[in-house]
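See structure below.
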Amino acid sequence: MPKLAEVAGPCLDAVQCQRCAKDVVTMLSTLQSQVEAERLRRQELKQKEQEQIELEAQAKKLEQQQQKKKKKKLLNNIGEKLELKENGALNKSNNSYTNKKDEEVEDIPVIIERSERSLSMCEKIATILNSVLKFFVISTLAIVFIFFLVSLLDEETSNLAHNKLNHLVLSVRKTLPTPVIKQWDMIYTKYLKNVHITFLKRFQTLCLIIFQQLQKLYTDVNNNTNFIYVTQNLQSWWHFLWIKSCDLFRTVMSVVGSK
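Here the sequence shown stands for residues 1 to 259, numbered as in the UniProt record's numbering.
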């Protein structure tokens with residue numbers, strides 16, 4: 001080391017070497033002191049820099065917190081304004097909905113009344129049509145059955161029955177008011193006549209088919225020797241009931257004719 005050589009100096013004898021050693025020790029002590037001082041200075045400088053950095057970080061953090069508070073406050077103000085607007089709009093909407101609901105509630109009795117009127121009118125029409133249809137069907141079946149019974153009688157009794165029935169129908173028509181008779185004739189001619197005639201024709205055809213099948217069955221049973229005894233008994237009972245029914249019918253017709 002050139003610096004160390006200069007400080008130590010020549011070392012030719014013991015005195016020079018001793019002096020040289022002292023100078024070297026002194027120099028090393030001084031150098032160590034300088035190094036320690038430099039180390040302390042740098043450490044202090046580094047600590048100050050660290051503190052400065054921390055202070056700047058705290059200042060920056062504080063500034064960010066203040067900005068966040070300002071931003072949050074601003075957002076809260078905006079939210080409050082929006083909420084006030086929404087509440088105002090909601091109140092208006094609720095008021096309009098309430099008014100509309102009140103109008104609908106006021107209209108409900110009118111709607112119910114109209115519905116009840118329509119239902120009552122439909123029920124009346126349905127009841128009238130049902131009654132007319134029942135009367136038409138029952139009267140048709142009764143007339144067909146009566147004419148069928150009359151057709152089974154002998155000619156004299158059949159003519160008497162026809163005359164009595166015609167007299168009875170005319171008597172009933174005379175008891176009814178003239179507008180009712182005209183209205184009924186108009187309804188019958190316009191709506192029921194074709195249906196009535198068609199129904200009578202089909203019913204007569206059906207009765208004829210049934211009687212033909214019964215006659216065929218009766219013939220088949222008579223041809224079977226196992227049923228001869230039973231069919232003879234049934235035939236005798238049938239003739240007996242038929243005779244009694246004819247006698248009862250003649251008696252009823254004679255009573256009606258006498259009145």
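Yeah, the Cβ is synthetic: ideal placement off N, Cα and C, and Gly gets one too.
Model, not experiment: these values are computed from the prediction.
Collapsed DSSP secondary structure at residue i in the structure displayed
i: Pro177; result: coil
i: Leu12; result: coil
i: Lys48; result: helix
i: Val105; result: Bear in mind that the predicted position of Val105 carries a pLDDT of just 48, short of 50, making it too unreliable to give a figure here.
> What residue ranges within the segment 56-88 form continuous beta strand (DSSP E) runs of no fewer than 3 residues, ordered along the chain?
Replying inline: As for any beta strand (DSSP E) of minimum length 3 sitting wholly inside the segment 56-88, there is none.
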